[in-house]
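S.K.: Sending over a structure as structure tokens; questions will come in a sec.
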Amino acid sequence: MVSRSSILPPLPIPNSYLNPSNPYRLKNCSYSNYPISNLPTKVQEQQQSPIVSENSQSLLQLEISSKFKPKTPTIRSRLSQLCQEGQPEVARRLFDTIPRPTTVLWNTIIIGLICNGMPDEALRFYVRMRNCLITQSDSYTYSSVLKACSETRQLKTGKVVHCHILRSHANPSRIVSNSLLNMYSNCLSQSFEIQEDGNGSGVFKFPQSDVVQKLFDGMRKKNAVAWNTIIAWYVKTGRFAEALKQFRRMIHMGIKPTVVSFINVFPAVASIRDQKNSSVLYGLLLKMGSEYVSDLFAASSAIFMYSELGDMDSARQIFDLSTERNIEVWNTIISGYVQNDRPGESLNIFIKVLELDQIIPDNVTFLTALTAVSQLQQLDFGQQLHAYVIKNLMASYVVISNALIAMYSRCDLIDAAFKVFNKMPERDLVSWNTMVSAFVQNGLDDEGLMLVYEMQKQGFMIDSITATALLSAASNLRNQKIGKVTHAYLFRHWIQFEGMDSYLIDMYTKTGLIDAAKNIFEKNCIHDRDQVTWNAMISGYSQNGQTEQAFIVFRQMLQQQELPNAVTLASVLPACSPVGGIGVGKQLHAFAFHHSLDQNVFVGTALIDMYSKCGAITCAERVFTRLPEINSVTYTTMISGYGQHGLGERAVSLFQSMPLSGMKPDAITFVAVLSACSYSGLVDEGLQIFESMENEYMIARKPEHYCCIVDMLGRAGRVMEAYELVNELGDEGNVVGLWGSLLGSCRIHKKFELGRLVSERLLEMEKGNGMAGYHVLLSNIYAEERKWDNVERVRKEMREKGLRKELGCSWIEICGVVNCFTSRDQKHPQCDAIYAKLEELAMEMKVAGYRPCPSCEYEE
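Heads up, the sequence shown stops at 860 in UniProt numbering, and the numbers go up one at a time, no gaps.
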């Protein structure tokens, strides 16, 4: 069970999840962890449903009822027979009838129990044997018992047996020494800890790790088995260079390596990325003869080694030279292609496996194939695989279901993914994490959060994968509470994982807590910053409007000799736009060109956006036409740039060319092109595109699309038509932006009566903030009518409610220096000269016959 302190505190449950018709609610089934102590042992299972052959039963009854006492060899053969037939319980009952078992008989029953997967029962028999003072243990006894300790990872019991050996044998036999070595290596490899070093970073610490090496060094004669054990020990504990060193020592000592030696050392070479020694070792294997080369496990290990090193040509060559192949060899080559981002070749080999009658695909085969399908997003192939596993009764396996969930999620079929998840009779932590991540990645953050709580209720602990999904959901929802609670949980449970600081920085910046993100960046990861961390901080400052800070962090990154990548440039370029820093933008463009990053689609899109917003639409066009790869976001950015510059015809033309280039516009693309039509007065074209959204592209219209149409009609003077459209929407039209656009049109076209109606509707929807601009618009309408009392009333309401219109701000770059101007600013170093020039221009305007608008007269 999970302690209450291990569970995240309750968060507000979204109304959508409480709806019984929500398709993503778990079905009403009770899932709970089954305590290990309640699980039946194999002995209990066999007692509940004994499967005993007639011959063995008769043999047992004859032995128990017979008056004569058979000799030890006869009983030993009978015990061995029963154990080989998979009837250890019957063998145990027969053994219990023996009044004084010999050492040979004790060894037989202990070995038999181990071979039947009952090492704990074998250890209990060893205790009984020790309590029987007449019988002495021998080398076979100790070897067998140590094997049981190794399988059950019972280090304490193994140490007791080691003491027994030391008391009874001054010089243990080679078989006992090898068994001791194997026991310690298996038990100690599971007991590593993570401790803090002087810098506060986690390092692996292996308690008593020198025991295995000392035991090995103390052996007078070491055979290949001992060397294989010490090599395997270093591989298990992640010290791959030491494993390779021990292999070399083995060769130097004149010990001929066995097939197992190569099976152990190949993964070590792969892990340290030693391309040179990989060829040397495989060449040595070839020299050892056909017996080594033809071994299937050696072939599989060699294929794995080359796959890990990214040398799939060598891996495929070994695979093709294998005269015999079992399913492990096939799985290794299939997995290698998937791991090296060659899923198409992986599926080709998988199809060959299905065509072979003598090879039966297993869970690993289908798991790897489903991973390849996910990479390719080949839904049809994935559905065929799903049908195949159902037909072959493999869909109930947890690993297969997990892979199916991931596959459907990658193919954007979240409903199918949840259907697989909801039908699973059993789920592990990977199942929950896969489904939670699928929800978050597909924009269903609320459903993902609720699934986390269901997961905890059923006894599963949150791990790094769950935490990653929670932080992503908090970022997407801009929910500070979820983010803070998740961070506190990670801190309280000492959970750390690679990239955690980057996720936390991203979450805090997107939820508006930029100081918390800065604190993590400057204190937590000051010695461990990578590109992802730098990018997260730069992007966070840009998104929160702190452009100067974004540039400062970017400069620090360069000073720290950390080379920016495409994501860095795509994050820092948007910081140029708000301040009109086209000079800095051009420098970044030159940097991208120098480092061959300007052809990256994300950098190119950011450059187009920067140039468009800085007024250099020609430069934006040049970047767009030179990009080798263009996606829908790039098209949308260019269309938006045309709209901002009043080039509506070009925007519409580019939009219409998207289908010809194989690009499908999305909802954001329609916002961009409709805005362009609005700015350029292309009403008919805009209405036609608006109609095509649902009819041709099957994209649902959202309030932002209606806002564009209302603004477009209003700018064209068709204010009543815009008002009727908003009214026709009913409740769907109760959006502040819609009525706000309409109010602006009423003021421009002097529809004062309608403007008052619209303003009343806006004030009804007022939520206490963000309405200052609309109050100002209403005030300006009254000013246009010269109703000064009403103007004063509206302004008084604004003062009482604490509403202030956000000050206008503009930037201009002169000689590489960005100058910022805000309304009523008194801080500019040339403030007096600027205001003097404004007064001079105002006088010239009056002389030319221009008059200020009524609202300006009121201000005066």
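Quick reminder that beta carbons are idealized off the backbone N, C-alpha and C, glycines included. Quick caveat: nothing in here was measured; it's all calculated off a predicted structure.
#1: Please go through the same chain and pick out, in chain order, the residues whose beta-carbon is closer than 8 Å to the beta-carbon of SER329, but skip the five residues on each side of it.
#2: Between which residues of its own chain and SER173 is the CB-CB distance below 6 Å, once the five residues before and five after are set aside?
#3: If contact is defined by three or more beta carbon pairs under 8 Å, each pair taking one atom from either stretch, is the stretch 437–444 in contact with the stretch 470–486?
#4: Using the C-alpha atoms, what's the distance from GLY681 back to GLU760?
#5: Can the beta-carbon of THR229 be found less than 9 Å from the beta-carbon of LEU181?
#6: Which residue spans inside the UniProt repeat "PPR" (223–257) form an unbroken alpha helix (DSSP H) run of at least 4?
#7: Where in the stretch 705–750 do unbroken runs of the alpha helix (DSSP H), each at least 4 residues long, occur, reported from the N-terminal end onward?
#8: Which residue spans inside the stretch 630–674 form an unbroken alpha helix (DSSP H) run of at least 4?
#9: Sort PHE670, LYS352, ILE327, SER396 by Cα distance to ASP362 and report the nearest one.
#10: Taking just the CA atoms, how far does SER177 sit from TYR142?
#11: Leaving out five residues before and five after PRO35 in sequence, what residues of the same chain have Cβ atoms less than 7 Å from its Cβ?
#12: For HIS164, report the span of its alpha helix (DSSP H) as first-last.
#13: Whole angstroms are fine: how far does the CA of THR135 sit from the CA of LEU94?
#14: At what residues does the alpha helix (DSSP H) containing ASN277 begin and finish?
#15: To the nearest whole angstrom, what separates the beta carbons of VAL603 and LEU569, a pair I think is in contact under 8 Å?
#16: In its own chain, which residues sit with a C-beta less than 7 Å from the C-beta of ILE111, not counting the 5 before and 5 after it?
#17: Count the other C-beta atoms from every protein chain shown that fall within 10 angstroms of the C-beta of ASN695, then say buried if there are 16 or more, exposed otherwise.
#18: Whether or not the stretch 625–643 and the stretch 665–684 are in contact is what I'm after, with contact meaning three or more pairs of Cβ atoms, one per stretch, closer than 8 Å; do they touch?
#19: For GLY499 and SER596, I'd like the C-alpha separation in whole angstroms.
#20: On the criterion of 16 or more Cβ atoms from any shown chain inside 10 Å, does LEU504 qualify as buried, or is it exposed?
#21: Could you check whether ALA268 and ALA224 sit closer than 9 Å to each other, using their CB atoms as the reference points?
#22: Along the alpha helix (DSSP H) that carries GLN377, what are the first and last residues, could you check?
#23: What did DSSP end up calling GLN383 once you bin it into helix, strand or coil?
#24: Assuming ALA403 and LEU367 make a contact with CB atoms under 8 Å, what is their CB distance in whole Å?
#25: State the CB to CB distance for the pair LEU113 and GLU121, rounded to an integer number of angstroms; the pair is presumed to be in contact (CB under 8 Å).
#26: Can you give me the C-alpha to C-alpha distance between GLN531 and ASP501, rounded to a whole angstrom?
#27: Grab me the residues of SER32's own chain with a C-beta within less than 8 Å of its C-beta, minus the 5 sequence neighbours each way, in chain order.
#28: Please state the DSSP three-state secondary structure of TRP494.
#29: Just how far apart, CA to CA, sit LEU490 and ASP445?
#30: So, under 8 Å CB-CB, TYR551 and ALA590 are touching, yes? Tell me the CB distance rounded to an integer number of Å.
#31: Going by the C-beta, is ALA488 closer than 8 Å to any heavy atom of the ligand ADP?
#32: Starting from the C-beta of ILE514, find all residues in its chain whose C-beta is less than 8 Å away, skip the five residues before and the five after it, and write them out in chain order.
#33: Give the single residue among TYR234, LEU281, VAL212 whose Cα lies nearest to the Cα of PHE262.
#34: Alpha carbon to alpha carbon, how far is PHE266 from SER278?
#35: By Cβ distance, which residues of its chain are closer than 8 Å to ARG316, with the 5 residues on each side in sequence left out?
M.R.: Result, derived from the coordinates:
#1: The sequence position of residue 329 within the sequence shown is 329, counting from 1. A small correction: the amino acid at residue 329 is Val; Ser does not occupy that position in the sequence shown. Shown here for VAL329: same chain residues with a beta carbon closer than 8 Å to its own, the five before and five after excluded, namely LEU296, ALA299, SER300, ILE303, PHE319, SER322 in chain order.
#2: For the purposes of this step, residue 173 is taken as the residue at position 173 of the sequence shown. Excluding residues up to 5 positions away in sequence, SER139 lie with their Cβ nearer than 6 Å to the Cβ of SER173 in the same chain.
#3: Taking 8 Å as the limit for Cβ pairs, the verdict is that the stretch 437–444 does touch the stretch 470–486.
#4: In the sequence shown, counting from the first residue as 1, residue 760 sits at position 760. In the sequence shown, counting from the first residue as 1, residue 681 sits at position 681. Their backbone Cα atoms lie some 28 Å apart in a straight line.
#5: In the sequence shown, residue 229 corresponds to position 229, counting from 1. In the sequence shown, residue 181 corresponds to position 181, counting from 1. It is a contact, given that the beta carbons lie within the stated cut-off.
#6: Fully enclosed alpha helix (DSSP H) runs of 4 or longer: 224–236, 240–252.
#7: Here the runs fully enclosed are 719–728, 736–748.
#8: Complete alpha helix (DSSP H) runs here, min 4: 632–644, 648–657.
#9: Locating residue 362 in the sequence shown gives position 362, counting from the first residue. With distances taken between Cα atoms, ASP362 lies closest to ILE327.
#10: On the sequence shown, position 142 is the one that residue 142 refers to. On the sequence shown, position 177 is the one that residue 177 refers to. Each residue's alpha carbon lies about 10 Å from the other.
#11: As a working note, residue 35 is residue 35 in the sequence shown. Residue placement at PRO35 is poorly supported in this model, since its pLDDT is 33, which falls under 50; the coordinates are not used for a value here.
#12: On the sequence shown, residue 164 is found 164 positions in, with the first residue counted as 1. For HIS164, the uninterrupted alpha helix (DSSP H) segment begins and ends at 155–168.
#13: Looking up residue 94 in the sequence shown gives position 94. Looking up residue 135 in the sequence shown gives position 135. Roughly 18 Å separates the two Cα atoms.
#14: Within the sequence shown, residue 277 is the residue found at index 277, counting from 1. Counting along the chain, ASN277 sits inside the alpha helix (DSSP H) bounded by residues 275–287.
#15: The residue you call residue 603 lines up with position 603 of the sequence shown. The residue you call residue 569 lines up with position 569 of the sequence shown. Between LEU569 and VAL603 the Cβ distance is about 5 Å, and since that is below 8 Å, they are a contact.
#16: Mapped onto the sequence shown, residue 111 falls at position 111. Cβ neighbours of ILE111 beyond the five flanking positions: SER144.
#17: As a first step, residue 695 is located in the sequence shown; it is residue number 695 there, counting from the start. Here ASN695 is exposed, its C-beta having fewer than 16 other C-beta atoms within 10 Å.
#18: A contact between stretches requires three or more CB pairs, one per stretch, nearer than 8 Å, and the stretch 665–684 meets this requirement with the stretch 625–643.
#19: Residue mapping note: residue 499 aligns to position 499 of the sequence shown, counting from 1. Residue mapping note: residue 596 aligns to position 596 of the sequence shown, counting from 1. It is roughly 26 Å from the alpha-carbon of GLY499 to the alpha-carbon of SER596.
#20: Within the sequence shown, residue 504 is the residue found at index 504, counting from 1. Only buried fits LEU504, as 16 or more other CB atoms lie within 10 angstroms of its CB.
#21: In the sequence shown, the residue the question calls residue 224 occupies position 224. In the sequence shown, the residue the question calls residue 268 occupies position 268. Between ALA224 and ALA268, the C-beta spacing is not below 9 Å.
#22: Stepping through the sequence shown from its first residue, residue 377 is reached at position 377. Segment: none, GLN377 is in no alpha helix (DSSP H) and carries neither H nor E.
#23: Numbered from its first residue, the sequence shown carries residue 383 at position 383. DSSP places GLN383 in the helix class (H, G or I) of the three-state scheme.
#24: Translated into the one-based positions of the sequence shown, residue 403 becomes position 403. Translated into the one-based positions of the sequence shown, residue 367 becomes position 367. Sure, about 5 Å apart at Cβ, within 8 Å.
#25: As a working note, residue 113 is residue 113 in the sequence shown. As a working note, residue 121 is residue 121 in the sequence shown. That pair is a contact at about 5 Å.
#26: Your numbering for residue 531 matches position 531 in the sequence shown. Your numbering for residue 501 matches position 501 in the sequence shown. Those two C-alpha atoms are separated by around 12 Å.
#27: Here residue 32 refers to the residue found at position 32 when the sequence shown is read from its first residue. With a pLDDT of 37 at SER32, under the threshold of 50, the modelled position of that residue is not reliable, and no figure is offered here.
#28: As a position in the sequence shown, residue 494 is number 494, starting the count at 1. In the structure shown, TRP494 sits in coil (DSSP, three-state: anything other than H, G, I, E or B).
#29: As a first step, residue 490 is located in the sequence shown; it is residue number 490 there, counting from the start. As a first step, residue 445 is located in the sequence shown; it is residue number 445 there, counting from the start. Computed Cα separation, rounded: 20 Å.
#30: In the sequence shown, counting from the first residue as 1, residue 551 sits at position 551. In the sequence shown, counting from the first residue as 1, residue 590 sits at position 590. Checking the sequence, you will find Phe at residue 551 rather than Tyr. The Cβ separation is near 16 Å, so there is no contact.
#31: Absence of the ligand ADP is noted for the structure shown, with no ligands found whatsoever.
#32: The residue given as residue 514 occupies position 514 in the sequence shown. Excluding residues within five positions, the ones whose Cβ falls inside 8 Å are TYR508, GLY540, TYR541, ASN544, GLN546.
#33: In the sequence shown, counting from the first residue as 1, residue 262 sits at position 262. Residue LEU281 is the option with its Cα nearest to PHE262.
#34: Here residue 266 refers to the residue found at position 266 when the sequence shown is read from its first residue. Here residue 278 refers to the residue found at position 278 when the sequence shown is read from its first residue. So the two alpha carbons sit approximately 7 Å from each other.
#35: Residue 316 sits at position 316 when you count from the first residue of the sequence shown. Excluding sequence neighbours, ARG316 sits near ILE333.
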